[in-house]
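Residue numbers (our numbering): 26 to 309. Virtual Cβ for every residue (Gly too), placed ideally from N, Cα, C.
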């Protein structure tokens, strides 16, 4: 999601980290002429924020039930912090650009004074950067204290069974109100008149997004089960964020009835075999 005014890129997993790091890079450019101490601080917490962004990505890949409350609380706080810091950086960039265009540096300082409500003896930009550095350092310390990386790594090792597999076989009755979103998805996949015919020969893609454990795979399987009679052949294959493409092709072939003969084929051979099987089934 992107807003036109602030160019903020919001990610459910990492908050505003992506656009924030980009803007911090902008702030370090020579044209802004920041003092050496401020640049050093920005470089320091930019590196820390990048590490946190990577950690948040890893946390988002773990089922919520497998995370302890401390890690969840840390991740939520860091995402919120990214929004707050980006708001401040946006203020820097806007006011510095304004001062550069008008030449009224004292006007900039007064505006920054009003914005951050600090005493006249302080340099608002320098003091705010120091404050951001402290926030980021505290968050980095909490990350180490909560052992975020260790928790995520341990879960990755222990979880040998793909959680999507259990979701496929979950009783749909366990998900309250699944019929409404299921029917809505089927409607989106249907023809323009909404008659429910989704067997038109054209590619249609619908994305189901959300955090782990919300029932996305179960919902997708519910749609699949409802539509099976309208397609032949039809397969359901779960795919992770960083899938092993060869294993995905092997799973498709297995669902198409090719069995385990696919194990000795390379990716191109797998693709050709899938095309061959689909063509034969469509003409049979």
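Return the CA-CA distance between residue 111 and residue 158, expressed in angstroms with no decimal places. 13 Å
Quick check on this structure: which residue in 205, 241, 289, 259 has the alpha carbon closest to the alpha carbon of residue 282? 259
Taking the alpha carbon of residue 150 as the point to measure from, which residue in 166, 265, 118 has its own alpha carbon closest? 118
What is the DSSP secondary structure of residue 43, counted as helix, strand or coil? helix
Per-residue burial, residue 230 [other beta carbons within 10 Å of its own, 16 or more giving buried]: exposed
Can you tell me whether residue 89 is buried or exposed? The criterion is at least 16 other CB atoms within 10 Å of its CB, across all chains shown. exposed
Is residue 207 near residue 247, with beta carbons less than 7 Å apart? yes
With 16 other CB atoms within 10 Å as the buried threshold, where does residue 67 fall? buried
Is it buried or exposed for residue 275, if we count other Cβ within 10 angstroms and need 16 for buried? buried
Throw me the rounded Cβ distance for the residue 177 and residue 84 pair, which I believe falls under 8 Å. 6 Å
Take the Cβ of residue 65 as the centre, count every other Cβ of all protein chains shown within 10 Å, and call the residue buried at 16 or more, exposed below. exposed
Select from 303, 290, 46, 240 the residue whose C-alpha is nearest the C-alpha of residue 280. 303
First through last residue of the alpha helix (DSSP H) which encompasses residue 233: Per DSSP, residue 233 belongs to no alpha helix (DSSP H) and is neither H nor E.
Rounded separation between residue 35 and residue 41 - CA only: Unreliable positioning characterises residue 35 in this predicted model, as indicated by a pLDDT of 46, which lies under 50. The coordinate reading is nonetheless provided below. Distance between the alpha carbons of residue 35 and residue 41: 5 Å.
What separation, rounded to the nearest whole angstrom, lies between the Cα atoms of residue 144 and residue 152? Residue confidence for residue 144 is low, a pLDDT of 40 falling below 50, so the modelled location carries little weight; the figure read from the coordinates is stated next. Each residue's alpha carbon lies about 11 Å from the other.
What is the C-beta distance between residue 81 and residue 38, in whole angstroms, given that I count them as a contact (C-beta under 8 Å)? 6 Å
So what does DSSP say about residue 78, is it helix, strand or coil? helix
Please identify the residue among 261, 154, 203 whose C-alpha is closest to the C-alpha of residue 61. 154
beta-carbon residue 290 near the ligand ZN non-hydrogen atom, thresh 6 Å: Ligands are entirely absent from the displayed structure, and the ligand ZN is therefore not among its contents.
Measuring only the C-alpha atoms, how far is residue 171 from residue 215? 47 Å
Give me, in chain order, the residues of the same chain whose beta-carbon lies closer than 8 Å to that of residue 78; leave out the 5 immediate sequence neighbours on both sides. 39, 42, 43, 46
Tell me the rounded alpha-carbon separation between residue 263 and residue 242. 8 Å
Do you know whose CA, among 168, 108, 53, lies nearest residue 100's CA? 168
Distance between beta carbons of residue 292 and residue 270, contact taken as under 8 Å: 6 Å
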